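Chemist: Quick one: structure below, then a few questions.
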Amino acid sequence: MKKNLLVLLFLGMFGLEAFAQQEFKIITVVESIVPMGIGRSRIIDSQTQSNYEEFTTDRTDGKKSNQKEISRSDIKVDELEETKLLNFFSATGINFQNIASNDAVIASKVNTMVADGWKLTFVTSGVESNAGADDGQGIFITRLFFSR
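Okay, so the sequence shown: first residue is 73 according to the working numbering, each after it adds one.
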């Protein structure tokens, strides 16, 4: 009896967070590397909750088990927060002032999320860079994963 009471007390003091449901949110930062301000750079924050199961098709033995047709417009969300950022490149090359300006805006977004009770739990990034004279396209994308 005494052991059970101690276990319950221990769980009550230290284990409640383990049983608490967590919520996750992803913020995406897209920074253009297209020269001369032609590209678009943004912080994207979806304001919509989605259920992945609505867009999932199960396959067994190479055949779909649920035949629901899903179009791209079914998946797209209409409610999002879009924060403008500056492009990495100007007409003369890399613009370090633009990078510092973006850092300040991104830090502001992260600080606001933390003040709202979110914890930054993971960051991942990737790039599709300029591949030479014939490729004037490119983005640097960063995903910030928050939880609470």
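Ideal Cβ positions, reconstructed from N, Cα and C, are used throughout, including at glycine. This structure is a prediction, so every number in the text was calculated from the model and none was measured.
On the three-state DSSP scale, how would you describe Q116?
Modeler: Within the sequence shown, residue 116 is the residue found at index 44, counting from 1. Here residue 116 turns out to be Ile, not Gln, going by the sequence shown. Of the three classes helix, strand and coil, the one that applies to I116 here is strand, per DSSP.
Chemist: Tell me whether the beta-carbon of L158 lies closer than 8 Å to the beta-carbon of L192.
Modeler: On the sequence shown, position 86 is the one that residue 158 refers to. On the sequence shown, position 120 is the one that residue 192 refers to. No.
Chemist: Who does G198 pair with in a DSSP beta bridge?
Modeler: Translated into the one-based positions of the sequence shown, residue 198 becomes position 126. In the DSSP output, where bridge partners are listed per residue, G198 has I213.
Chemist: Quick check: the Cα distance between I110 and D133, rounded to an integer number of angstroms?
Modeler: Stepping through the sequence shown from its first residue, residue 110 is reached at position 38. Stepping through the sequence shown from its first residue, residue 133 is reached at position 61. Answer to the nearest angstrom: the Cα atoms are 47 Å apart.
Chemist: Count the other CB atoms, across all protein chains shown, that sit within 10 Å of the CB of E141; report buried if there are 16 or more and exposed otherwise.
Modeler: Locating residue 141 in the sequence shown gives position 69, where the first residue counts as 1. So E141 counts as exposed.
Chemist: My output table needs one value for V102: the three-state DSSP class, helix, strand or coil.
Modeler: Indexing the sequence shown from 1 puts residue 102 at position 30. In this structure, V102 counts as strand in the three-state DSSP scheme.
Chemist: Compare the Cα-Cα distances from E95 to each of P107, V106 and Q121 and report the closest residue.
Modeler: Reading the sequence shown from its first residue, position 23 is the one you call residue 95. Cα-wise, what sits closest to E95 is Q121.
Chemist: Is the Cβ-Cβ distance between I105 and F168 less than 8 Å?
Modeler: Here residue 105 refers to the residue found at position 33 of the sequence shown. Here residue 168 refers to the residue found at position 96 of the sequence shown. No, the Cβ-Cβ distance between I105 and F168 is not below 8 Å.
Chemist: What are the partner residues of S219, as DSSP defines its beta bridges?
Modeler: Translated into positions along the sequence shown, residue 219 becomes position 147. S219 pairs with F96 and K191.
Chemist: Compare the Cα-Cα distances from E200 to each of K97, E103 and I98 and report the closest residue.
Modeler: Your numbering for residue 200 matches position 128 in the sequence shown. The shortest C-alpha separation from E200 is found at E103.
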